[in-house]
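In our numbering, the protein residues as written are 33 to 316. In what follows, a single structure is set out as structure tokens and then discussed.
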């Protein structure tokens with residue numbers, strides 16, 4: 033016990049020990065600082081390259097380039113973390129030879145238990161290669177619907193319109209509905225009372241839609257005609273082609289314009305009412 037204590041005391045009081053520790057600490061700080069600087073330079077360079085290339089291509093290809101750029105940044109980050117980790121182990125005196133030799137055996141063992149991880153990564157690459165969706169697209173997969181914020185190596189981050197962030201493993205993305213690829217259709221059903229003149233109402237709606245201006249409209253909305261006759265109202269359907277994933281806001285603008293036009297022209301919108309019939313019986 034005394035021998036061990038004196039050996040430790042000699043080590044702690046040896047000036048060379050503290051000098052070696054100081055040099056090691058400085059090297060560790062330099063490795064971390066230089067690695068962060070390299071990652072910052074690489075990320076900025078990738079952003080600049082992607083931005084320059086995306087500006088020279090159509091929007092569909094630009095979206096794909098942006099997605100690929102973010103994925104490459106993730107890969108670069110993981111590689112840099114691995115290199116820094118190995119360098120730090122080397123600085124603290126750990127022999128990397130046996131560690132790297134045993135990594136193959138450990139990797140095989142982990143591989144059998146990490147099939148889902150491999151599936152997530154492969155699915156992520158196929159999502160990008162097949163251009164199923166890109167960052168900024170509005171998609172729905174399963175019960176999750178929202179805007180794609182990040183397509184990572186393992187997961188895809190989806191931001192819902194109410195603010196929730198869904199982290200979906202790529203391997204679980206089997207069926208996807210992409211709302212940001214093609215133009216969408218804004219559909220408005222206008223209910224008018226039976227007492228109103230349907231032809232006049234359709235004419236008013238048609239004129240109103242021809243005058244409607246909206247930045248997301250591709251073509252002027254069209255009055256299709258009478259869609260339904262129920263017990264209390266006649267339904268007139270109006271449709272308008274608009275830019276991808278803008279049909280909700282366009283439909284709201286169409287509804288507002290149609291309601292104002294019908295009010296100005298005295299066309300009634302049906303509301304619940306009760307009609308009472310009274311029969312009088314004469315005594316014989």
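Ideal Cβ positions, reconstructed from N, Cα and C, are used throughout, including at glycine.
Residue i - containing beta strand (DSSP E), residue span
i	result
residue 190	187 to 191
residue 211	Per DSSP, residue 211 belongs to no beta strand (DSSP E) and is neither H nor E.
Range of the contiguous alpha helix (DSSP H) that encloses residue i
i	result
residue 171	Premise fails: residue 171 lies in the beta strand (DSSP E), 170 to 173, not in any alpha helix (DSSP H).
residue 291	279 to 296
residue 177	Premise fails: residue 177 lies in the beta strand (DSSP E), 176 to 183, not in any alpha helix (DSSP H).
residue 230	230 to 243
residue 167	Neither: residue 167 is in no alpha helix (DSSP H) and is coded neither H nor E.
residue 200	No alpha helix (DSSP H) contains residue 200, which is instead part of the beta strand (DSSP E) from 197 to 201.
residue 152	147 to 161
Distance between beta carbons of residue j and residue i, contact taken as under 8 Å
i	j	result
residue 330	residue 183	In this structure the chain extends from 33 to 316, so residue 330 is not present and cannot be described.
residue 290	residue 219	The Cβ separation is near 13 Å, so there is no contact.
residue 365	residue 302	Residue 365 is absent from the model: the chain starts at 33 and stops at 316.
residue 180	residue 165	6 Å
One or two residues paired with residue i in a DSSP bridge
i	result
residue 364	The shown model of the chain, from 33 to 316, leaves out residue 364, and the question about it has no answer.
residue 223	267
residue 261	266
residue 218	272
residue 249	274
- Query: Counting Cβ pairs closer than 8 Å, one from the stretch 249 to 262 and one from the stretch 177 to 197, do we hit at least three?
  - Reply: No, the stretch 249 to 262 is not in contact with the stretch 177 to 197.
- Cβ pair count under 8 Å reaching 3, the stretch 198 to 212 against the stretch 263 to 272: Not touching, per the Cβ criterion.
- Message: Quick check: the stretch 292 to 300 against the stretch 224 to 236, are at least 3 beta-carbon pairs closer than 8 Å?
- Response: Taking one beta carbon from each stretch, the stretch 224 to 236 and the stretch 292 to 300 have 3 or more pairs nearer than 8 Å; the two touch.
- Query: Do the stretch 185 to 195 and the stretch 144 to 160 touch if we need at least three Cβ pairs shorter than 8 Å?
  - Reply: Taking one beta carbon from each stretch, the stretch 185 to 195 and the stretch 144 to 160 have 3 or more pairs nearer than 8 Å; the two touch.
- Would you list, in sequence order, the uninterrupted alpha helix (DSSP H) runs of no fewer than 4 residues that lie entirely inside the stretch 64 to 127? As far as the stretch 64 to 127 is concerned, its whole alpha helix (DSSP H) runs of at least 4 residues are 91 to 123.
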